[in-house]
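Q: Heads up: the sequence shown begins at 3 in the numbering used here, then just goes up one per residue. Every residue gets a Cβ at the ideal spot worked out from N, C-alpha and C, and that includes glycine.
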Amino acid sequence: MPDFTYNPAEKSNETLTVKFEITHAFRAALQALAFSKDYKKVEGNIVLHRITFITKASLFSWGEQMTVQLNEVDPHKTEISVSSELKTSIGSQGVGAQATIGT
3 MPDFTYNPAE KSNETLTVKF EITHAFRAAL QALAFSKDYK KVEGNIVLHR ITFITKASLF
63 SWGEQMTVQL NEVDPHKTEI SVSSELKTSI GSQGVGAQAT IGT
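#1: I'd like the list of long-range same chain contacts for A59, defined as Cβ closer than 6 Å, with 5 residues on each side in sequence excluded.
#2: So for I56, helix, strand or coil by DSSP?
#3: Report all residues from its chain with a CB closer than 6 Å to the CB of F28; omit the five preceding and five following residues, and keep chain order.
#4: According to DSSP, what are the bridge partners of Q71?
#5: Under the three-state reduction of DSSP, which class applies to L61: helix, strand or coil?
#6: Below 6 Å CB to CB, which residues in the same chain sit around V70 once its five sequence neighbours on both sides are set aside?
#7: Ignore the nearest five residues each way along the sequence and tell me which others in A99's own chain have a CB closer than 6 Å to its CB.
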């Protein structure tokens with residue numbers, strides 16, 4: 003019996019604190035995302051300081067949905083949290099249809 007388990011739907015989280023105002027950090031994160039060819043922005047919420055984006059599917063993954071959440075620590079310091087979750091869904095198109103797995 004293995005000593006570990008693997009849950010592909012488990013979320014992963016990372017946090018970083020930077021010495022910038024929250025609006026500056028938010029704009030910089032949006033700009034970095036705009037220059038990336040590997041990510042697609044789903045939502046950018048300036049009020050909540052949250053950005054949600056996705057990666058494309060690949061040979062071994064349906065892709066990921068990632069969220070960047072910015073929180074003001076003080077007027078010149080911002081905490082940036084990044085969480086990611088694999089994109090998976092299982093569904094059916096109705097009676098007699100085959101179940102599908104996709105994004």
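A: So, from the listed chains and residues:
#1: By one-based count along the sequence shown, residue 59 stands at place 57. Closer than 6 Å at Cβ, skipping near neighbours: G65.
#2: What you label residue 56 is simply residue 54 of the sequence shown in a count that begins at 1. Looking at I56 - three-state DSSP - the assignment turns out to be strand.
#3: Stepping through the sequence shown from its first residue, residue 28 is reached at position 26. Excluding sequence neighbours, F28 sits near H51 and L72.
#4: The residue labelled residue 71 in the question sits at position 69 within the sequence shown. Its beta-bridge partners are R52 and S83.
#5: The count along the sequence shown starts at 1 and reaches residue 61 at position 59. Looking at L61 - three-state DSSP - the assignment turns out to be coil, as it is neither helix nor strand.
#6: On the sequence shown, residue 70 is found 68 positions in, with the first residue counted as 1. The answer, listed in chain order, is A31, I53 and V84.
#7: Looking up residue 99 in the sequence shown gives position 97. Residue confidence is low: A99 scores 45 on pLDDT, short of 50, so the model does not pin down where it sits. Its coordinate-derived value is still stated next. Within the same chain, A99 has no close Cβ partners at all.
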